[in-house]
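Asker: All residue numbers for the sequence shown refer to the numbering used here, where the first residue is 724 and numbers rise by one. Backbone N, C-alpha and C fix where the C-beta goes; we use that ideal spot for every residue, glycine too.
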Amino acid sequence: IVAESSCITNANCVSIAGSLICQCISGSYYYDTTTGQCVALKSYGTACTEHEQCVTGLYCISSICQCIATKYYTGITCATRATYNAACNTVTGPYCDTTVGLSCNVTTSVCVCPANYYWNSTACIHIKYLYDSCTSSIQCPTNGQCSASSICQCTATTYYNATLNSCITYSTFGQTCVANVFVTSECSSTQSLVCSSTTSGYCQCNSNAFYNATGSTCTTKSTVSTACTTSSTCNDLVGLVCTSSTCTCATGTYWDGSACVETLGAGQSCGGVSSQCTSPLYCPTTTCQCPNTYYLDIVTVNCILKKATGVSCSYNFECTSGTCTNSVCT
């Protein structure tokens, strides 16, 4: 029989399988093979070479007594790290289980997955990309949805940004945008908007349309002879303006069937259509001519109103009477 006094300091005589042996006091000491002594178990943060040297609950990891990855040290013991949506505190704990990708949201003080990750009940998993197969919308890009055909898609009010792997709400009229290779446009397609620039633009209608605030959409600009309230609703690409509540050609132009073109001058072919001639020219036959009460100034090529009797003149054709005598219409 081995007497208690026969054991080294901090060891007890215990019976194991019918045999009495000296054993270091469990939970407080470990046997140091180098010194042959029972040495106090090492505390948290102390250097070690094997697990048995550490206080109960601690493990020798990277040569330091510490908690396993799924736990954290409270100052007294190792506590299980908080799981998804559980309360947390980055200073005092509880700390989130980083082994499954969780981190503590400092605003809400709960454990969450990082951006572009979702919780699958056991770990944070990277969200899928557009058109990947899915079983739930939570698996799809931010603001996206899992369609009836089990494919990740953006909703009708959002577009896909590949850089962010996220569905972004379309910009509306007048808001800033960037047209890039990742998306057709950041502007609302349901409003028929386009981005004005590939660098730093804004959402606008195509040049043949105007923004209708009432319907919140782009409306095709009106053609000639259509009712209007402002020139912005008339098709300015073909030269139309709103005059007397009707889309018409601006002064100095006429409608040629497809666009407003510059009116014709004296002697130009007009095909019997006086509206093609610059006022007061008219088209009595095939070319633009001055009316009978006017004469053509060959220098300015303009129609000048004929002069009354007694007015100074240079040529007979300048006078209403047709006679210029001594530089006076007679």
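Is the Cβ-Cβ distance between cysteine 983 and cysteine 993 less than 8 Å?
Answerer: Start at 1 with the first residue of the sequence shown, and residue 983 comes out as number 260. Start at 1 with the first residue of the sequence shown, and residue 993 comes out as number 270. Not in contact: cysteine 983 and cysteine 993 (Cβ atoms no closer than 8 Å).
Asker: For leucine 987, which of helix, strand or coil comes out of DSSP?
Answerer: Taking the first residue of the sequence shown as position 1, residue 987 is located at position 264. Here leucine 987 sits in strand by DSSP.
Asker: What does the alpha-carbon distance come out to for the pair phenylalanine 905 and glutamate 775?
Answerer: In the sequence shown, the residue the question calls residue 905 occupies position 182. In the sequence shown, the residue the question calls residue 775 occupies position 52. The predicted model places phenylalanine 905 with a pLDDT of 49, which falls under 50 and marks its position as unreliable; any figure quoted below should be read in that light. Roughly 57 Å between the two C-alpha positions.
Asker: Would the region 879–891 and the region 838–853 be scored as touching if the rule is three or more Cβ pairs under 8 Å?
Answerer: yes
Asker: Could you round the C-beta distance between threonine 942 and alanine 932 to whole angstroms and report it? I think they count as a contact, below 8 Å.
Answerer: Counting from one through the sequence shown, the residue named residue 942 turns up at place 219. Counting from one through the sequence shown, the residue named residue 932 turns up at place 209. The C-beta distance from threonine 942 to alanine 932 rounds to 6 Å, short enough to fall under 8 Å.
Asker: When burial is assigned at 16 or more other CB atoms within 10 Å of the CB, is serine 930 buried or exposed?
Answerer: For the purposes of this step, residue 930 is taken as residue 207 along the sequence shown, with counting starting at 1. Classification for serine 930: exposed.
Asker: Could you tell me the distance, in whole angstroms, from the CA atom of aspartate 1020 to the CA atom of glutamate 1041?
Answerer: For the purposes of this step, residue 1020 is taken as the residue at position 297 of the sequence shown. For the purposes of this step, residue 1041 is taken as the residue at position 318 of the sequence shown. Approximately 9 Å, taken between the alpha carbons.
Asker: Determine the extent of the beta strand (DSSP E) in which phenylalanine 896 is found, giving its start and end residues.
Answerer: Indexing the sequence shown from 1 puts residue 896 at position 173. Careful: phenylalanine 896 lies outside any beta strand (DSSP E) and carries neither H nor E.
Asker: Please go through the same chain and pick out, in chain order, the residues whose beta-carbon is closer than 6 Å to the beta-carbon of tryptophan 978, but skip the five residues on each side of it.
Answerer: Against the sequence shown, residue 978 aligns to sequence position 255. Result list for tryptophan 978: Val947, Cys972, in chain order.
Asker: What three-state label does DSSP hand isoleucine 791 in the structure shown?
Answerer: Here the question's residue 791 lines up with position 68 in the sequence shown. Coil.
Asker: So what does DSSP say about aspartate 979, is it helix, strand or coil?
Answerer: Taking the first residue of the sequence shown as position 1, residue 979 is located at position 256. If DSSP states are grouped into helix, strand and coil, aspartate 979 belongs with coil.
Asker: Going by DSSP in three states, leucine 960 sits in which element: helix, strand or coil?
Answerer: In the sequence shown, counting from the first residue as 1, residue 960 sits at position 237. DSSP places leucine 960 in helix when its eight states are reduced to three.
Asker: Do alanine 802 and aspartate 820 have their CB atoms nearer than 8 Å?
Answerer: Within the sequence shown, numbered from 1, the residue matching residue 802 stands at position 79. Within the sequence shown, numbered from 1, the residue matching residue 820 stands at position 97. No, they are not a contact pair.
Asker: What's the C-alpha gap between glycine 741 and asparagine 735?
Answerer: Position 18 of the sequence shown holds residue 741. Position 12 of the sequence shown holds residue 735. Rounded to whole angstroms, glycine 741 to asparagine 735 spans 15 Å at the Cα level.
Asker: Over the uninterrupted beta strand (DSSP E) stretch that includes aspartate 855, give me the two end residues.
Answerer: Here residue 855 refers to the residue found at position 132 of the sequence shown. Taken as a continuous stretch (DSSP letters only), aspartate 855 belongs to no beta strand (DSSP E), as it is neither H nor E.
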